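Take a look at the structure set out below.
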Amino acid sequence: MGLTKQSTRSAASGDVPAIVKSSDQEKVIALAGNPNVGKSTVFNALTGLNQHTGNWPGKTVSNAQGRYSHNGRDFILVDIPGTYSLMASSVEEEVARDFVCFGQPDAVVVVADATCLERNLNLVLQILEITDKVVVCVNLLDEAKKKKIEIDLDELSLNLGVPVIGAAARSGKGLQELMDAVSAVSFGERRTFQVKLPYDEPIERALESLIPIVSRLTQGKMNPRWAALKLLDADQDPKLIQSLSQFLDCDLEGCEELCLGLKSAREQLSSAGYTPETLRDRIVYRVVKRSEIIYHQCVCLENPCYNGRDRKIDKFLTSKATGIPVMLLLLALIFWITINGANVPSDLIAGFLFGIQDKLTEWLASISAPAWVNGLFVEGVYRTLAWVNR
Ligand SMILES: Nc1nc2c(ncn2[C@@H]2O[C@H](COP(=O)(O)OP(=O)(O)OP(=O)(O)O)[C@@H](O)[C@H]2O)c(=O)[nH]1
Ligand SMILES: [Mg+2]
């Protein structure tokens, strides 16, 4: 398994930035969510700061902090990079994952896109496996309305066990309610419920045997079921284990009890036919399946085919049979444009610009301009500029 000295002792990549509270009463709130769902828009609206926003994913690449007050209470809001999953695959995703998992925020606001809630719920569920101090902000309700997507926010809240607030952050809609909910959850005034996704029986048995050992290591600092699951899946995510070791300030490799527990849990899984890859697949499958079920319970599409064309294009571009040939064709096209194709527009531009030169010469002749004017301005300055621009 992956608990080597190298993997646990080297500096964890996602060091969690220091948050300096000005009083004990101040609460730290993480703003998480998929890329491009409006996290920085919410951040700017609440803190009055000016984080970069724009209509493409991946703008926020590191954590940004700002402060706001609500009903006499003070909050530090941390805008973190967008991530599709806590199983991070890029540096930005690691930054986001490490803050949610190890930054110990007092609450996490998960901003979700109302127009593609099913995909967004995958992240919501993964965060809910770590903590129940969560408020879900279903943003872009204005866009959802245009697409005739209706979301039953109360039903969603019942399914997730935490408050769900509808918002259209760009126009400020729902932000007061969001601040109320954040205040209630972070100060412990609103009861929330921990999500426990039931995994396949062999995985559950492996977890059962590990959780008591992991609880002794986590000492109440984090949810031991989540930590046990991540330790079982360590081969697939060694960087998370580095961060976990750093957070627990503990030599996981040196803990004999844990190593023995993991060895026996892995043997159990292996005899039930699980490889590290199938274990990860089954964990992901459970999250995706649950998202799908919740989505179908809470979302009503007046026009179920509203994104039918997009789905067909997605299927065409991503299926094994058609996706790879399309990619090769595109690469060949780019190659051709680089070598040859660029000459076509270049010749068109040249024809156009030199055509203007002829017209200018004719015009100067028609007004009997001296020959040096044509030589200097048309054949000199204009022709040179036309050559450079073609
Ligand atoms: N129509 C509409 N657009 C919104 C709303 N909230 C945010 N936007 C727009 O959505 C785009 C993305 O917003 P950002 O705040 O940059 O999203 P983000 O989640 O911080 O994105 P990353 O940092 O890239 O993960 C921007 O063009 C916003 O103006 C909303 O409620 N309605
Ligand atoms: Mg952002």
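Residue numbering for the sequence shown follows my numbering, beginning at 69 and increasing consecutively. Glycine is no exception: its CB is placed at the ideal position from the N, C-alpha and C atoms. Since the model is a prediction, treat every value here as computed from it, not as a measurement.
query: Assigned secondary structure, Phe170 (DSSP; H/G/I helix, E/B strand, else coil); result: helix
query: Ser475 Cβ short of 8 Å to ligand 2 heavy atom set; result: Past the boundaries of the shown model lies residue 475; the chain is included only from 69 to 458, so the question cannot be answered.
query: 8 Å contact criterion, which Glu162 and Lys307 should meet: CB distance rounded; result: 6 Å
query: Whether Ala100 touches Phe167 by CB criterion (9 Å); result: yes
query: Ser81 to Phe315 span [Cα, whole Å]; result: Bear in mind that a pLDDT of 41 at Ser81, under 50, signals an unreliable position, so the number given afterwards is only what the model happens to contain. Each residue's alpha carbon lies about 12 Å from the other.
query: Straight-line gap, Cys318 to Glu257 (C-alpha atoms, nearest Å); result: 33 Å
query: Lys383, enclosing alpha helix (DSSP H) - first and last residue; result: Gly376 to Thr386
query: Beta-bridge pairing of Val204 - partner residues as DSSP gives them; result: Val178 and Val232
query: Enclosing beta strand (DSSP E) for Arg334 [first to last residue]; result: Here Arg334 belongs to no beta strand (DSSP E); instead the alpha helix (DSSP H) covers Glu324 to Ser339.
query: Which of helix, strand or coil DSSP assigns to Leu145; result: strand
query: Uninterrupted beta strand (DSSP E) stretches inside the segment 402 to 448 (no shorter than 3 residues); result: none
query: N-terminal and C-terminal residue of the beta strand (DSSP E) that Ile97 is part of; result: Lys95 to Gly101
query: Any 3 or more C-beta pairs closer than 8 Å across the segment 276 to 293 and the segment 240 to 253; result: no
query: Distance cut-off 8 Å: Leu209 Cβ against heavy atoms of ligand 1; result: yes
query: Assigned exposure category for Leu209 - 16 Cβ within 10 Å defines buried; result: buried
query: Bounding residues of the beta strand (DSSP E) (the contiguous stretch that carries Ala249); result: Note, Ala249: premise wrong, no beta strand (DSSP E); alpha helix (DSSP H) at Leu243 to Ser254.
query: Thr12 Cβ short of 8 Å to ligand 2 heavy atom set; result: The requested residue 12 is not part of the displayed model; the chain covers only 69 to 458.
query: Start and end residues, alpha helix (DSSP H) containing Val198; result: Here residue 198 is Ile; the residue named in the question, Val, does not match the sequence. Ile198 -> alpha helix (DSSP H) spans Leu185 to Ile198.
query: Status (buried if at least 16 other CB within 10 Å, exposed otherwise) for Trp292; result: Before going further, note that residue 292 is Pro rather than Trp in the sequence given. Per the 10 Å Cβ criterion, buried.
query: Whole-angstrom distance between Asp382 and Asn139, CA atom to CA atom; result: 46 Å
query: In DSSP terms, what Tyr136 is bridged to; result: Phe143
query: Simplified DSSP state of Glu218, which is helix, strand or coil; result: strand
query: Gly150 CB to nearest heavy atom of ligand 2 below 8 Å; result: yes
query: Rounded C-alpha distance that separates Ile435 from Val456; result: 28 Å
query: Continuous alpha helix (DSSP H) stretch holding Val88: start and end; result: First-last for Val88: undefined, no H or E at that position.
query: Spatial distance of Asp200 from Pro413 (CA atoms); result: 58 Å
query: Gln479: CB within 8 Å of a non-hydrogen atom of ligand 1; result: The first residue shown for the chain is 69 and the last is 458, placing residue 479 beyond what the model contains.
query: Asp181 beta carbon near ligand 2 (any heavy atom closer than 8 Å); result: no
query: Outcome for Cys373 when other beta-carbon atoms lying within 10 angstroms are tallied against a minimum of 16; result: exposed
query: Sequence-distant residues of its chain with Cβ nearer than 6 Å to Ser254 (five each side left out); result: Lys95, Asp174 and Ala175
query: The alpha helix (DSSP H) enclosing Cys366, as first and last residue numbers; result: Pro344 to Cys366
query: Which listed residue (Phe111, Leu154 and Leu265) has its alpha carbon closest to that of Arg238; result: Phe111
query: heavy atom of ligand 2 below 8 Å from Ser130 C-beta; result: no
query: Reference Thr183; option with closest CA among Ala212, Phe445, Val202 and Ala156; result: Ala212
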